[in-house]
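Have a look at the structure below, then the notes.
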Amino acid sequence: MNKQEIDMSEIRVRFAPSPTGYVHVGSLRTALYNYLFARHHQGKFVLRIEDTDQSRYVEGAVENLLETLHWAGLDYDEGPEKDGPYGPYFQSQRKEIYKRHVQELLDKDAAYPCFCSEETLTAMREEQQKKGLPVMYDGRCRNIPKEQALQRMKSEPHVIRLKVPRSGNTVVHDIIRGDVSFENALIDDQVLLKSDGFPTYHLANVVDDHLMKISHVIRGEEWLPSTPKHILLYQAFGWEPPQFAHLPLLLNPDRTKLSKRQGDVAVEDYRAKGFLPQALINFVALLGWNKGDDQEIFSLEELVKYFSLERVNKAGAVFDVHKLEWMNGHYIRSISEEEYLNMGMEWLRKLNLDTDDAEKNKLILQAVRPGLNKFADLPQKTAVFFKDALEYDEQAKEWLTKPESKEILKVMIEELSKSNELTVESFSALMKTVQKRTGQKGKNLWMPVRAAITGETHGPDLGIVLTVIGKQKVEQFLKQALAL
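Just so we're aligned, residue 41 is where the sequence shown starts under this note's numbering, counting upward by one.
Now the structure itself:
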């Protein structure tokens, strides 16, 4: 790939979300890549809240964002609740800064006031569409004499637009994509300041990145078409632009853009299903980046060590939820037993699956751990411990109708009647006795017992299942199976 040289003199990156609701998994990846790049190069990771569009502001979204970053382990160096030298870090608190910079552009004749009404702009767009022309502002206010424009600004509603050059090209030097060229003639005279005095995304973004000394802008591919506008703004101010890196799109398995229509896209959806932060972070890190070999499991520290923008792909990355579930299962089995049991108990309580017996709760959690990929699966995974009557799947029925299986069940019922209670140890001894008496072993011995007591041929440790459900229920299930 045509990668650009990276200047490492002082790395400062930013994650700049809008508080418009939930945190998208794509936003989490953007935050993560910025975090990893900053930490890898001993730089600074800045959080800036882009809340200039008040109509889209959602109450509680900022708090949710901060909590999500904390949950994911992505600590920032400057931002809300962590003041630094370049604050404030909410764009809504920086209005005067933007107005000063817009005035600077007006004074330089690099921007101009536009008095066109919404009706005028709508008619203009419709006319352009009819004629098959690019839909963009036609510049009709661009050449109003300066004195006249200043006079009208005192009494008429207006926006401020950038004077985009009418000829030539603007080239974006992108670390991931190489050089991308845009025709200036197809770039709109973008609005910088809206009629309500709030800046547009483009102006606020450029001014803040410059004033906050951002060295690298790492963001999603959807912002690439806006980047020539930003470069033209840097040029208008006489500033050096930062380096840019546009990350690949996240895709559904059918390679369409990741969307709510085909599955969960919010970080909180995955948290609510019992995905661990280390699993989600590991998974999103691999959506567009790889170390260069087949390693797939990375701690956050390892990601910091190995991450580089040179190894980020241009091609879209498929969000494979099955791989995420596999990875989460790996982490569920990797955390300490104490941590697993604490989390598991929280989930059992939340799902009303906990029993009055703490030891039984612990046994249930230990039994399902080897096959558990997310905590929200506990109802399905623990169902075998809470059944009052059994239904049998087809494979179970197949095993239970064999004459040898019926013999095993009869012997089990006889041997059970001789014992007072069931424990994992006594069950093991019981099965040895049944093996001796029937001559059956391996699958031929164990499958009929599992099928009779759980209705299935796969599941958690059978000794634990019997211990938890107790002797009385085991006898009931054995007799029910024998009657098939």
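All C-beta atoms, glycine included, are put in the ideal place defined by N, C-alpha and C.
In this structure, does DSSP put residue i in helix, strand or coil?
| i | result |
| --- | --- |
| A285 | strand |
| L290 | strand |
| L388 | helix |
| T296 | coil |
| G369 | helix |
| F55 | strand |
| N42 | At N42, the pLDDT of 40 sits below 50, so the modelled position is not reliable and the matter cannot be decided from this model. |
| E118 | strand |
| F130 | strand |
| I184 | coil |
| R311 | helix |
| F85 | strand |
| W486 | helix |
| L233 | strand |
| W279 | coil |
| L355 | It should be pointed out that residue 355 corresponds to Ala in this sequence rather than to Leu. Correct three-state label for A355: coil. |
Report the rounded CA-to-CA distance for residue i versus residue j, giving the unit in angstroms.
| i | j | result |
| --- | --- | --- |
| K43 | I215 | Low per-residue confidence applies at K43: pLDDT is 44, beneath 50, and the placement is therefore not dependable enough to give any value. |
| Y129 | P239 | 15 Å |
| H213 | F338 | 30 Å |
| T60 | E379 | 34 Å |
| D417 | P410 | 13 Å |
| V352 | H498 | 41 Å |
| S348 | G179 | 42 Å |
| R259 | A285 | 7 Å |
| M41 | A244 | Because the pLDDT at M41 is just 38, under 50, the model does not fix this residue reliably, and the value given afterwards should be weighed accordingly. Cα to Cα, the separation comes out at about 31 Å. |
| G356 | P443 | 57 Å |
| N322 | L316 | 10 Å |
| M193 | R134 | 22 Å |
| I448 | F426 | 24 Å |
| L264 | V53 | 17 Å |
| A276 | K253 | 17 Å |
| S459 | Q420 | 31 Å |
| E103 | A398 | 36 Å |
| F77 | A56 | 15 Å |
| L19 | V199 | The structure shown does not extend to residue 19, since the chain is modelled only from 41 to 524, so the question has no answer here. |
| S445 | K481 | 11 Å |
| E187 | E308 | 54 Å |
| T162 | M176 | 11 Å |
| R389 | N401 | 10 Å |
| D433 | V63 | 41 Å |
Below 6 Å CB to CB, which residues in the same chain sit around residue i once its five sequence neighbours on both sides are set aside?
| i | result |
| --- | --- |
| Y116 | F85 and L87 |
| A319 | M367, N368 and Y371 |
| P281 | I271 and Y274 |
| K148 | none |
| W329 | R351 and V352 |
| A150 | K203 and A276 |
Counting only the same chain and skipping the five closest in sequence on each side, list residues whose C-beta sits under 8 Å from that of residue i.
| i | result |
| --- | --- |
| I504 | L403, I404, Q406, A407 and V464 |
| R206 | N224 and A225 |
| L298 | V65, G66, L289, L290, L291, N292, V305 and F359 |
| L527 | The shown model of the chain, from 41 to 524, leaves out residue 527, and the question about it has no answer. |
Using 7 Å as the cut-off, classify the Cβ of residue i as near or not near the heavy atoms of the ligand GTP, replying yes or no.
| i | result |
| --- | --- |
| G411 | Inclusion of the ligand GTP in the displayed structure is not the case, the ligand content being empty and no account of it being possible. |
In terms of residue numbering, what span does the alpha helix (DSSP H) encompassing residue i cover?
| i | result |
| --- | --- |
| V175 | V175 -> no alpha helix (DSSP H), and no H or E assigned at all. |
| N209 | Looking at the DSSP string, N209 is not in any alpha helix (DSSP H); the run it does join, the beta strand (DSSP E), is N209 to D214. |
| R140 | K135 to D147 |
| L251 | Y241 to L251 |
| K194 | Looking at the DSSP string, K194 is not in any alpha helix (DSSP H), and its letter there is neither H nor E. |
| I321 | P317 to A325 |
| V451 | P443 to L456 |
| F77 | V65 to H80 |
| G510 | L502 to L522 |
| A112 | A101 to A112 |
| K481 | First-last for K481: undefined, no H or E at that position. |
| E496 | E496 -> no alpha helix (DSSP H), and no H or E assigned at all. |
Taking residue i and residue j to be in contact with their CB atoms under 8 Å, please state how far apart those CB atoms are, rounded to whole angstroms.
| i | j | result |
| --- | --- | --- |
| T70 | Q131 | About 17 Å; that fails the 8 Å criterion. |
| L340 | G113 | 6 Å |
| K269 | Q230 | 5 Å |
| W439 | P488 | 5 Å |
| A184 | V204 | Just to set this straight, residue 184 is Ile in the shown sequence, not Ala. Contact doesn't hold; Cβ gap of about 17 Å is too wide. |
| K472 | G314 | Not really, about 38 Å apart at Cβ, beyond 8 Å. |
I'd like the list of long-range same chain contacts for residue i, defined as Cβ closer than 7 Å, with 5 residues on each side in sequence excluded.
| i | result |
| --- | --- |
| A325 | L72, F338 and L343 |
| R217 | H286 and K354 |
| V247 | I137, Y138 and H141 |
| A436 | A491, G495, E496 and T497 |
| T267 | V212 and F284 |
Which residue comes first and which comes last in the beta strand (DSSP E) that contains residue i?
| i | result |
| --- | --- |
| S221 | G218 to E223 |
| Y152 | A151 to C154 |
| G32 | In the structure as shown, the chain begins at 41 and stops at 524. Residue 32 is therefore absent and cannot be evaluated. |
| L430 | Per DSSP, L430 belongs to no beta strand (DSSP E) and is neither H nor E. |
| I200 | V199 to L202 |
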